[in-house]
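Student: If you scroll down you'll find the structure; I have some questions about it.
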Amino acid sequence: MPITMSPLRYPGGKTSYAAMIYWIIQNNGLSDCSYAEPFAGGSGAAIELLLKNQVKEIWLNDLDISIYSFWKAITEHTDEFLTKLKDTPITVQEWKRQREIYKNQDDDILVLGFATFFLNRCNRAGILMANPIGGIKQDGASRIDDRFKKDKLAVKIRLIAEQKKRIHLFNLDAIEFLKKLNRLKRKILVYFDPPYYKKGKFLYMNHYRHEDHKLLCKKILKCRLPWLLSYDVRPEIAEFYNNVPFYLNKLRYSVVTPSIGREWIISNLRVPDYLEIVEKDSDAK
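Mapped onto my numbering, the consecutive letters of the sequence shown carry residue numbers 36 to 320.
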């Protein structure tokens, strides 16, 4: 499991995709391009590409106001955020307070952004609506602060904030964000990582229904920009993207218990040889 440069833990996080995406950039005439994620989430790949100077700038969008608030807070209110990080106790009592802020969707960017971050670091698998690591009673082997190493997190946040002029943040529906990207006169690679078709409603605030996935497909296939898409292996997705090459990738997941999962990579760009093209009808089981 790669060590992410993102301060967020995210279900299905894609830090491990950064090397693959950089290979695609280098082998598809996209050097010195900008990079965009309509479903930013933890932005593991985007942050790594940015901090390694493998892309010119990043355009991050998330419809979830809490996730957007986190990224906005650490880039525009960095010192205040780091002060809260330093001074806030990591306890179940504080967890309950931060959870109420999150549930009420406070409209203060700094307050909501920090509450989102706090829950993400304290909660089981980083799922914002989950219980804290070790449970409410803290009577297990794990503890609520096991994933909350303040010094290391502060370093990550500071490094990202130093690059804020190269980070563009949006709180839009993914399709509206794609329209904005299409109007830009920039060389941009767009990586779509939408909510999982099968388990998205259990993991994300803004999950998709069948018709949402179908509409997104129509918009992606009309996109004028170079694009890459990842999805859980489902026959419905095979039907949507029937005329586009599919590749199989294996990922290590940590939601509930560590396991190896399968994802599809869908793109009309050249991809690394280790991604084997698959027959969708036979593999969508």
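Glycine is no exception: its CB is placed at the ideal position from the N, C-alpha and C atoms.
Using 8 Å as the threshold, is the C-beta distance between Ile-56 and Leu-84 below it?
Tutor: yes
Student: Between which residues of its own chain and Glu-246 is the CB-CB distance below 8 Å, once the five residues before and five after are set aside?
Tutor: none
Student: With distance defined between alpha-carbon atoms, name the residue in Gly-64, Ile-171, Met-40 and Leu-95 nearest to Phe-205.
Tutor: For the residues Gly-64, Ile-171, Met-40 and Leu-95, the minimum Cα distance to Phe-205 belongs to Leu-95.
Student: Given a threshold of 16 other Cβ atoms within 10 Å of its Cβ, counted over all protein chains shown, does Ser-177 qualify as buried or as exposed?
Tutor: exposed
Student: Under the rule that 16 or more other beta-carbon atoms within 10 Å means buried, what is Arg-297, buried or exposed?
Tutor: By the 10 Å Cβ count, Arg-297 comes out exposed.
Student: So, Ile-162 versus Trp-130, is the Cβ gap smaller than 8 Å?
Tutor: no
Student: What whole-angstrom Cβ distance do Leu-145 and Ala-108 have, given they're in contact under 8 Å?
Tutor: 5 Å
Student: Alpha helix (DSSP H) containing Ala-114: first to last residue?
Tutor: In the sequence on display, residue 114 carries Asp and not Ala. Segment 113-122, the alpha helix (DSSP H) holding Asp-114.
Student: Between which two residues does the beta strand (DSSP E) containing Tyr-266 stretch?
Tutor: Note, Tyr-266: beta strand (DSSP E), 262-267.
Student: Please classify Thr-110 as buried or exposed, where buried requires at least 16 neighbouring CB atoms within 10 angstroms.
Tutor: buried
Student: For Tyr-231, count neighbouring C-beta atoms within 10 Å of its own C-beta (all shown protein chains included) and say buried if the count is 16 or more, exposed if not.
Tutor: buried
Student: Where does Asp-143 land, buried or exposed, given buried means 16+ other C-beta within 10 angstroms?
Tutor: exposed
Student: Note the first and the last residue of the continuous alpha helix (DSSP H) segment covering Arg-196.
Tutor: Arg is not the amino acid found at residue 196; the sequence shown has Ala there. Looking at the DSSP string, the run of the alpha helix (DSSP H) that includes Ala-196 is 185-196.
Student: From the DSSP secondary-structure annotation, give me the bridge partner or partners of Tyr-282.
Tutor: Ile-300 and Ile-312
Student: Using DSSP bridges, identify the partner residues of Trp-106.
Tutor: According to DSSP, Trp-106 bridges with nothing at all.
Student: Helix, strand or coil for Pro-270 per DSSP?
Tutor: DSSP, read as helix, strand or coil, puts Pro-270 in helix.
Student: For Leu-264, which residues in the same chain have their Cβ closer than 7 Å to its Cβ, ignoring the five residues on either side in sequence?
Tutor: Phe-227, Ile-255, Ile-301 and Ser-302
Student: Taking C-alpha atoms, which residue in Gln-173, Ile-210 and Ala-75 lies nearest to Lys-253?
Tutor: Ile-210
Student: In angstroms with no decimal places, state the Cα-to-Cα distance between Val-290 and Gly-48.
Tutor: Low per-residue confidence applies at Val-290: pLDDT is 48, beneath 50, and the placement is therefore not dependable, though the value from the model is reported in the following sentence. Answer to the nearest angstrom: the Cα atoms are 11 Å apart.
Student: What are the partner residues of Leu-95, as DSSP defines its beta bridges?
Tutor: Answer is Glu-72 and Leu-204, bridged to Leu-95.
Student: Is it buried or exposed, Leu-251, if we count other Cβ atoms within 10 angstroms and call 16 or more buried?
Tutor: buried
Student: From Ala-150 to Tyr-52, what distance separates their C-alpha atoms?
Tutor: 27 Å
Student: Tell me Tyr-226's beta-bridge partners as DSSP assigns them.
Tutor: Leu-263.
Student: For Asn-166, does the three-state DSSP call read helix, strand or coil?
Tutor: coil
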